[in-house]
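*Asks:* Let me begin by handing over the structure; questions about it come next.
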Amino acid sequence: MDTGCADPWAERAMLWTVDRSRRAQGSPTRTGAVRLDRGVILRAAQEICDRDGLSALTLRRLGNELGVDATAMYRHFRDKAELISALIDDLFRLEVDEPDPQGHWRDNLRKLMIQWWQIYRRHEGLAAAMAGQPDDEPQLFHLTEWTVRELIRAGVGESELGLYHQTIYNHTVGNGLVAALSPWLTDVELRDEQRRHYAALDPRRFPSSASVAPTIYPDTAEVFEFSVEVLLDAIEKRGQIATRQRD
Numbered sequence: 017m018d019t020g021c022a023d024p025w026a027e028r029a030m031l032w033t034v035d036r037s038r039r040a041q042g043s044p045t046r047t048g049a050v051r052l053d054r055g056v057i058l059r060a061a062q063e064i065c066d067r068d069g070l071s072a073l074t075l076r077r078l079g080n081e082l083g084v085d086a087t088a089m090y091r092h093f094r095d096k097a098e099l100i101s102a103l104i105d106d107l108f109r110l111e112v113d114e115p116d117p118q119g120h121w122r123d124n125l126r127k128l129m130i131q132w133w134q135i136y137r138r139h140e141g142l143a144a145a146m147a148g149q150p151d152d153e154p155q156l157f158h159l160t161e162w163t164v165r166e167l168i169r170a171g172v173g174e175s176e177l178g179l180y181h182q183t184i185y186n187h188t189v190g191n192g193l194v195a196a197l198s199p200w201l202t203d204v205e206l207r208d209e210q211r212r213h214y215a216a217l218d219p220r221r222f223p224s225s226a227s228v229a230p231t232i233y234p235d236t237a238e239v240f241e242f243s244v245e246v247l248l249d250a251i252e253k254r255g256q257i258a259t260r261q262r263d
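When we follow the working numbering, the leftmost residue of the sequence shown carries the number 17, and every step to the right adds one.
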């Protein structure tokens, strides 16, 4: 999914679109039953989490959804924890693209962070599990590799690579998790209600807060994309400083 190095606001609509056709479909047997494999189980588990939250995901529920005995899951996953780890890894594999090595580092990091954040927005039921998942799955290692590669291309000094990688991780995951757990930040009507509360403040007691009432609580995606640009500006500046020092 290459959006080029266009203005982030122009590519926003394209980045929100998920190519669902990339997901493997279960194969029906001659009798009409679903042939059980890891892909079919992961897709059913994702649908349960997206619809009803992670707490609703049990092996018995999966068995009911797929029309098989719950014990059949153990032929593919050792336990629920392994299933969740595999599900998270699969989501990142399907929904985050490897940056183009020939593309500009800034465009690549922007796209990487936005796609990463969008996983939290599309799969709120898995947000807490994703945020708590150690970076020990193949695709999560890829995220680290791609992030650090673009930081190196930006000229960031070796001593700051770990700092910037952690900053990007904390910023992206933290924003995704907060958005998933805070409906007053994502729901249009609730955001409007928050603005009305600020507009009703006594300007003598809260002059600054009252003045920002018309623009407080903006669109969640717009806020995140704005913050990404601010962070990219900092990376670019620090990269330029490090490059001059090396020269």
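Yeah, the Cβ is synthetic: ideal placement off N, Cα and C, and Gly gets one too.
Suppose contacts are defined by Cβ-Cβ distances below 8 Å. Is Trp121 in contact with Glu166 by that definition?
*Replies:* Against a cut-off of 8 Å, the Cβ pair of Glu166 and Trp121 comes out as a contact.
*Asks:* Quick check on the burial criterion: 16 or more other C-beta atoms within 10 angstroms. Buried or exposed for Phe222?
*Replies:* Flag for Phe222 reads exposed.
*Asks:* Just to confirm, are Gly195 and Arg211 a CB contact at a threshold of 8 Å?
*Replies:* Note that residue 195 is Ala in the sequence shown here, rather than Gly. In this structure, Arg211 does not lie closer than 8 Å to Ala195 by Cβ.
*Asks:* Under a three-way DSSP split, which group does Gly171 fall into?
*Replies:* Three-state result, Gly171: coil.
*Asks:* Identify whether Thr183 lies in helix, strand or coil by the three-state DSSP scheme.
*Replies:* The answer is helix: DSSP assigns Thr183 an H, G or I state.
*Asks:* Is the CB-CB distance between Asp105 and Gln155 below 8 Å?
*Replies:* For Asp105 and Gln155, yes; Cβs fall inside 8 Å.
*Asks:* Pull up the distance between the alpha-carbon of Gly148 and that of Gly119, whole angstroms please.
*Replies:* Cα-Cα distance, rounded: 31 Å.
*Asks:* Mark Trp200 as exposed unless 16 or more other C-beta atoms lie within 10 angstroms of its C-beta, in which case mark it buried.
*Replies:* Counting Cβ neighbours within 10 Å, Trp200 comes out exposed, since fewer than 16 surround it.
*Asks:* Compute the Euclidean distance between the alpha carbons of Thr47 and Gly79, then round it to the nearest angstrom.
*Replies:* Residue placement at Thr47 cannot be trusted, given a pLDDT of 41 that sits under 50; what the coordinates show is reported in the next sentence. Approximately 18 Å between the Cα atoms of the pair.
*Asks:* Around the C-beta of Trp115, are 16 or more other C-beta atoms found within 10 angstroms, so that it is buried, or is it exposed?
*Replies:* Reading off the sequence shown, one finds Pro at residue 115, where the question assumed Trp. Classification for Pro115: buried.
*Asks:* Which residues mark the beginning and the end of the alpha helix (DSSP H) in which Phe120 is found?
*Replies:* Per the sequence shown, residue 120 should be read as His rather than Phe. Segment: none, His120 is in no alpha helix (DSSP H) and carries neither H nor E.
*Asks:* Quick one: Cα of Gly190 to Cα of Val244, how far?
*Replies:* Roughly 13 Å separates the two Cα atoms.
*Asks:* Considering Cα atoms alone, identify which of Leu73, Val204, Thr74 is closest to Ala237.
*Replies:* Here the closest residue by C-alpha is Val204.
*Asks:* Who are the near neighbours of Glu209 in its chain, counting only those whose CB is closer than 7 Å to its CB and skipping five residues on each side?
*Replies:* Cβ within range, chain order: n/a, list empty.
*Asks:* Is Ile57 helix, strand or coil by DSSP?
*Replies:* In the structure shown, Ile57 sits in a helix (DSSP, three-state: H, G or I).
*Asks:* Three-state secondary structure (DSSP) at His139?
*Replies:* Reduced to three states, the DSSP call for His139 is coil.
*Asks:* Is the beta carbon of Leu58 less than 8 Å from the beta carbon of Ala102?
*Replies:* Cβ atoms of Leu58 and Ala102: closer than 8 Å.
*Asks:* Return the Cβ separation of Glu161 and Gln131 in integer angstroms, given the expectation that the two are a contact with Cβ distance under 8 Å.
*Replies:* So it is not a contact: roughly 15 Å between Cβ atoms.
*Asks:* So, is His139 buried or exposed, given that buried needs 16 or more other C-beta atoms within 10 angstroms?
*Replies:* His139 comes out buried.
*Asks:* Cys65: which of Ile135, Ala170, Phe157 sits nearest, CA to CA?
*Replies:* The candidate whose alpha carbon is nearest that of Cys65 is Ile135.
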